[in-house]
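Read the structure below first, then the notes.
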Amino acid sequence: MKRKHKRLTFAGIGLGLLAVAAALVLTAFEDSIVFFHSPTDVADGKVEIDRRIRLGGLVETGSVQKQADAVTAFRITDGANVVSVTYTGILPDLFREGQGVVTEGRLMGEQFVAEEVLAKHDENYMPPEVADALKKSGRWQEGSDKQHPADVPVTTKDSYK
């Protein structure tokens, strides 16, 4: 074999291996990428059943129900639509009705089964994904000191006493 042919063969094999490695990496990333969706996206059928996603919005007031074996059922709303959620485990201390939340899990039929629940960390913070979803649904109050959506009752610490 001529020297030029050896070089071309080596380059071809190298490019082929690089393409296979890139395909494997992209396949691995596809399984680990988790997209954010709002309850409206779920209602519109934009979410695949049994695919891991993040679902965010506000915990609907009056919807939190603690059940046996550390199971909690609640509903998440973006002001336009509502999704029922179940979560098994200990909820974050800042989790409460009327507050922003992002859950990560899978949609199983009409029920979202959360594997992780993230609550906002102070009164002025709203996760960017939740804020964007609320803005799209028209439930966001611009210029509000607390950056809280309009027409959503808020449960305060005093209401738990």
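Just so you know, we're using this note's numbering here: the sequence shown kicks off at 981 and counts up by one. Backbone N, C-alpha and C fix where the C-beta goes; we use that ideal spot for every residue, glycine too.
For residue 1094, the nearest candidate out of 1033, 990, 1074 (CA to CA):
1033
DSSP three-state label for residue 994, please.
Residue state, collapsed to three classes: helix.
To the nearest angstrom, how far is the alpha carbon of residue 1073 from that of residue 1056?
17 Å
If you reduce the DSSP assignment to three classes, tell me which class residue 1010 lands in.
helix
Residue 1021: which of 1062, 1099, 1071 sits nearest, CA to CA?
1062
Residue 1089 to residue 990, Cα distance in whole Å?
Residue 1089 and residue 990: Cα-Cα distance of roughly 51 Å.
May I ask you to report which of helix, strand or coil DSSP gives residue 1041?
Three-state DSSP puts residue 1041 in coil, outside helix and strand.
Helix, strand or coil for residue 1114 per DSSP?
helix
On the criterion of 16 or more Cβ atoms from any shown chain inside 10 Å, does residue 994 qualify as buried, or is it exposed?
By the 10 Å Cβ count, residue 994 comes out exposed.
Can you have a look at residue 1092 and say buried or exposed, based on whether 16 or more other CB atoms are within 10 angstroms of its CB?
buried
Expected contact under 8 Å - CB spacing of residue 1096 and residue 1077 to nearest Å:
Between residue 1096 and residue 1077 the beta-carbon gap is near 19 Å, outside 8 Å, which marks them as no contact.
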